[in-house]
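So the mapping is simple: our numbering equals the position in the sequence shown, first residue as 1, plus 1.
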Amino acid sequence: MASDEDNKGLGFVKFYQSLAEKPNTTVRIFDRADYYTVHGNDALLAATEFFHTHTVIKLFGAGNHTLQSVSLSKAHFEAFLRDLLLVKQYRVEVFRRANNDQSSWKVEFKASPGNLQQLEEVLFGGGGEEEVTSTVLAISYQLRDGLRNMGVAYWDVSRVELGVAEFVDNDHFSNLEAVLVQYAPKECVVVGGDGSSDGTKIRQTLQRSNVVVVTKRKKAEFKIGDIAQDLGRLLKLEDGATANTLPQLALELAMGSLSALIKYLELLSDESNFGMCRLTSFDLSQYMRLDSTAVVALNLDPQPNDSRLMYLSGLLNKCCTSQGQRLLGQWVKQPLLDKNKIDERLDLVECFFSDAHLRVSLQQEHLKCVPDLFRLSKRLQRGNGSLQDCVRIYQAASRLPLLISALEEHEGTHRQLLTDVFITPINELSSDLSKFCEMVESTIDLDMVEHREFVIKPDFDDGLTQLRQEMEELESKMNSQCRKAANELGLEPLKTIKLESNSQLGHYLRITKKVDKCLRGQSKFITLETRNDGTKFTTSSLRSLGEDYRALKNQYQSLQASLASEVAQIAAGYAEPLLELNLILSRLDVIVSFACVSATAPTSYVRPTITNRGEGDIVLKGARHPLVEMQDEMAFIPNDITLLRDKDSFQIITGPNMGGKSTYIKQAGVIVLMAQIGCFVPCESASLPVMDAILARVGASDSQMKGVSTFMAEMLESAIILRTATKDSLVIIDELGRGTSTYDGFGLAWAISHYIATKIKSFCLFATHFHELTALADEVTTVTNRHVTAITAEDTLTLLYRVKSGVCDRSFGIHVAEMVQFPQGIIDAARKKADELELAMNIGTDGGDEEPAAKRSRSERVEGERLIRQFVLKAKELVEGSLPEAEVKATMDDMKREISTSDNAYVKAVIQSCV
2 MASDEDNKGL
12 GFVKFYQSLA
22 EKPNTTVRIF
32 DRADYYTVHG
42 NDALLAATEF
52 FHTHTVIKLF
62 GAGNHTLQSV
72 SLSKAHFEAF
82 LRDLLLVKQY
92 RVEVFRRANN
102 DQSSWKVEFK
112 ASPGNLQQLE
122 EVLFGGGGEE
132 EVTSTVLAIS
142 YQLRDGLRNM
152 GVAYWDVSRV
162 ELGVAEFVDN
172 DHFSNLEAVL
182 VQYAPKECVV
192 VGGDGSSDGT
202 KIRQTLQRSN
212 VVVVTKRKKA
222 EFKIGDIAQD
232 LGRLLKLEDG
242 ATANTLPQLA
252 LELAMGSLSA
262 LIKYLELLSD
272 ESNFGMCRLT
282 SFDLSQYMRL
292 DSTAVVALNL
302 DPQPNDSRLM
312 YLSGLLNKCC
322 TSQGQRLLGQ
332 WVKQPLLDKN
342 KIDERLDLVE
352 CFFSDAHLRV
362 SLQQEHLKCV
372 PDLFRLSKRL
382 QRGNGSLQDC
392 VRIYQAASRL
402 PLLISALEEH
412 EGTHRQLLTD
422 VFITPINELS
432 SDLSKFCEMV
442 ESTIDLDMVE
452 HREFVIKPDF
462 DDGLTQLRQE
472 MEELESKMNS
482 QCRKAANELG
492 LEPLKTIKLE
502 SNSQLGHYLR
512 ITKKVDKCLR
522 GQSKFITLET
532 RNDGTKFTTS
542 SLRSLGEDYR
552 ALKNQYQSLQ
562 ASLASEVAQI
572 AAGYAEPLLE
582 LNLILSRLDV
592 IVSFACVSAT
602 APTSYVRPTI
612 TNRGEGDIVL
622 KGARHPLVEM
632 QDEMAFIPND
642 ITLLRDKDSF
652 QIITGPNMGG
662 KSTYIKQAGV
672 IVLMAQIGCF
682 VPCESASLPV
692 MDAILARVGA
702 SDSQMKGVST
712 FMAEMLESAI
722 ILRTATKDSL
732 VIIDELGRGT
742 STYDGFGLAW
752 AISHYIATKI
762 KSFCLFATHF
772 HELTALADEV
782 TTVTNRHVTA
792 ITAEDTLTLL
802 YRVKSGVCDR
812 SFGIHVAEMV
822 QFPQGIIDAA
832 RKKADELELA
842 MNIGTDGGDE
852 EPAAKRSRSE
862 RVEGERLIRQ
872 FVLKAKELVE
882 GSLPEAEVKA
892 TMDDMKREIS
902 TSDNAYVKAV
912 IQSCV
């Protein structure tokens, strides 16, 4: 006959096997009160990826009905959950038993990478606030009159904000891609069963934008339905306003997406959202357009194993708060297009950049004491708050007057702006929270906080006071019992005999092993246990007093818990000012971080001058790449970057590999982006107009898992640029056309360059190895040639990392091969084949005209290198010799004059590159 335990196991196995099939990226966890379990494939995942051993796998059930199972302690459950949601980006469902029935379970919590709300308490409840942002998008589209109308809605949990937008998109969905970059969702909700070509392209766009989870929902869920009623419960509306009058209701497609999003996230099941949410409309003109390729090209986000100094959001992150870190991550993806807003941020950064004392005091004394007020307020609203949460909020709120005083001491030019943006609103919120601080001071025993105990003051409640007095009387009686026992045993109280307590034995007396002989023959003393640290014993009187004390303590703790719950409930009423304060302090934190990064860089950053969109030029003097210059032992060579509207707005950059072409063009994009998020820039001086987009085609890599070849990736990215770039865009192109044959690649590179330069007329930096492309400057007046400099001598290549005007006169590919120590036979064969090809090209040219520098003969280069080498050796002999200084100088002058008048074209090019 099967035991009850076997029957329970069989019941659970049958229930588990009856569950609907799930994807492998969803993990089901079962809460068994004292521990947790996972089963089947989830058990294998936990054993392999978390415990790293299969010995933890046990069989659950009986007979032929068994199931692989892994048990998780509470600590293991929390760690496993963090790994699944924050690292592996899986979905999680947590089941709880219904009515103590093994065959009846229900989903209690759900979470996914973009929807962590229901499990935030477990993920972040330990106080270790993470810089994790959770944004979820819902997307729908409709074809109207041949146009693709997109309806998008988002939920930003850190700002408690819903947003909607409608816009028309092209067949590459580049507008949708811009939205995905700006809001960086981890998860998107789309209409399921859409097998059309547009549906496929949308999913490819999501994949290209690194959306981790794509959830398909029924088309019926994308209907407006009761959206007005739902918003009436969620939104914080002005007095007298109703959800039925919201202007966003006219956006039918977007509101349908919002309806699906609210259902998917189950926002109405969380009462802490009621009356707290904001609804905004957003459009593509809010922020600079960035494509996903630009995000990678400019190193905005970390790649695996990147340190913080290897990506821009990490470099700029000197924030002291987790909410500041989250906001900085958003700002980096959302460069502003409003010149006034950009200048306002720059003014604020200048306040702290110029006031080192204020900057340091804010970071070291004030901001570092600010907890994550958003998560604390949400915890209080959900009824999960504790006295410790109240104390953490109190400690931050009570320091606000000191923060305000520090800000008020600033005497700079932008003092009034500092007052309007930070001082006045923080002052008002400090006043609103003063009652909160008074409540905490009157209810919570702040003296005990120093000992990490969070309790209600004994004198706050008459019942607590009475119980505390009775407990103290019992403590006094028990101390008397200790002294009495000491006298009877001939011991010294508090030294050789002590009164102690623990949860198992209650109150007891303990003596050391050295004197435990005195207990022998003492029948009134009851020995409890003997260990190396001494003998524990009691008396009937002490035991009785201890039991009375334990009963009183239980009553005291029960009353404490009840009062603590009331205090936390009252504190939840301050959620609104806490969320407002959270937004203001996060903004202050990011602004101060920008100032700190700008002031402490290897060479200080400067404030850029911003001109209106469509006006002015990009003029960057002594520009540096902020990430490259932070590398260890790096002496960065700055370069000027000048792009003049309608004059030389399109630059073609040639030069050797590793010579700095990519760094040069990318640093222009990074500097433009930094300026438009309101940060100082790594230049000697900088002036630039507001750019509406940074679009990139950088690098050549296959994406075979996505079915995209190198050439296809190049063409897709180029097509997006041609479709979306305007005259106010910055286009960065690196090595276009290398994914196909030389002739096809060059033809495409020429055609694309010509179109950008003559039709779109955007600012463009084009790095290429097609030296023939430099001839475009002869046809289009706005195209100019630039090159990175290098010299060769004695078969060595020296990269100068300087960018000069003109065309690079030769290729250095064979020299680079020598630098990485290719076999000499391959080097010689390469030189021979290069000479043959060059000769063939020269024979095919028309005679009479001077040959272009790119086709200069091999013998001329060899002769030029010989002359330069001869010059260097003579100069070295003179410097190391013992001739008088005047004679050395005169000889050197003669040598310089001789080589500078050489007819060798190669020598002339080297001399020109060094000027």
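Don't be surprised by glycine CBs; every beta carbon is placed ideally from N, CA and C.
So what does DSSP say about residue i, is it helix, strand or coil?
| i | result |
| --- | --- |
| Ser806 | strand |
| Ile672 | helix |
| Ser19 | helix |
| Phe637 | coil |
| Gln523 | coil |
| Glu734 | Before going on, a small fix: residue 734 reads as Ile here, not Glu. Three-state result, Ile734: strand. |
| Met256 | helix |
| Ile225 | coil |
| Arg857 | Only weak support exists for where Arg857 lies, its pLDDT of 45 falling under 50; the value from the coordinates is given anyway. Residue state, collapsed to three classes: coil. |
| Met479 | helix |
| Phe13 | helix |
| Met842 | Residue confidence is low: Met842 scores 47 on pLDDT, short of 50, so the model does not pin down where it sits. No coordinate-derived value is stated. |
| Gln652 | strand |
| Ile58 | coil |
| Ile678 | coil |
| His358 | helix |
| Thr352 | One detail in the question is off: residue 352 reads as Cys in this sequence, not Thr. Helix. |
Would you report the Cα separation of residue i and residue j, rounded to the nearest angstrom?
| i | j | result |
| --- | --- | --- |
| Ser663 | Tyr575 | 52 Å |
| Pro690 | Leu644 | 11 Å |
| Ser719 | Ile753 | 8 Å |
| Arg898 | Gly656 | 28 Å |
| Lys499 | Arg327 | 53 Å |
| Gly276 | Leu236 | 5 Å |
| Ala179 | Ser293 | 8 Å |
| Gln324 | Arg416 | 25 Å |
| Leu921 | Glu121 | Outside the shown range of the chain (2 to 916) lies residue 921, about which nothing can therefore be said. |
| Lys496 | Glu476 | 18 Å |
| His626 | Ser605 | 13 Å |
| Gln561 | Leu163 | 39 Å |
| Glu489 | Lys436 | 56 Å |
| Tyr550 | His508 | 9 Å |
| Glu577 | Cys597 | 30 Å |
| Ala854 | Ala776 | Because Ala854 sits at a pLDDT of 40, beneath the cut-off of 50, its placement in the model cannot be relied upon, and the point is left open. |
| Arg330 | Asn905 | First, the amino acid is wrong: residue 330 is Gly here, not Arg. Roughly 55 Å between the two C-alpha positions. |
| Gly194 | Gly226 | 21 Å |
| Ile900 | Gln871 | 10 Å |
According to the neighbour-count rule (16 or more other Cβ atoms, all chains shown, within 10 Å of its Cβ), is residue i buried or exposed?
| i | result |
| --- | --- |
| Ile827 | exposed |
| Val588 | Reading off the sequence shown, one finds Arg at residue 588, where the question assumed Val. Classification for Arg588: buried. |
| Gly128 | Here Gly128 scores only 48 on pLDDT, less than 50, and its place in the model should not be relied on; the value that follows carries that caveat. The residue is exposed, with fewer than 16 neighbouring Cβ atoms inside 10 Å. |
| Asn555 | exposed |
| His53 | exposed |
| Met675 | buried |
| His358 | exposed |
| Val169 | exposed |
| Pro609 | buried |
| Asp403 | A small fix is needed here, since residue 403 is Leu in this sequence, not Asp. The residue in question, Leu403, is exposed, as its Cβ has fewer than 16 Cβ neighbours within 10 Å. |
| Arg145 | exposed |
Please specify which runs of the alpha helix (DSSP H), each continuous and at least 4 residues long, are wholly inside the region 420-469, giving them in chain order.
425-433, 435-444 and 447-450
Flag this pair as touching only if the region 279-290 and the region 332-340 have three or more C-beta atom pairs under 8 Å; answer yes or no.
yes
In chain order, which continuous runs of the alpha helix (DSSP H) of length 4 or greater are located wholly inside the region 561-629?
576-601
Would you call the region 490-509 in contact with the region 539-555, where contact means no fewer than 3 C-beta pairs closer than 8 Å?
yes
Counting Cβ pairs closer than 8 Å, one from the region 297-308 and one from the region 246-259, do we hit at least three?
no
Take every Cβ of the region 83-96, pair it with every Cβ of the region 109-118, and state whether three or more of those distances are shorter than 8 Å.
yes
Could I get the ranges of all uninterrupted alpha helix (DSSP H) runs contained in the region 378-423, with 4 residues as the minimum, in chain order?
388-399, 401-409 and 416-419
Within the chosen definition, does the region 379-396 reach the region 434-446 through at least 3 CB pairs nearer than 8 Å?
yes
Quick test of the definition: if touching needs 3 or more C-beta pairs under 8 Å, does the region 303-315 touch the region 590-605?
no
Decide yes or no for the touch test of the region 613-633 against the region 260-274: beta carbon pairs closer than 8 Å, at least 3 of them.
no
Every unbroken alpha helix (DSSP H) inside the region 294-339 [4 residues or more]
313-316 and 323-334
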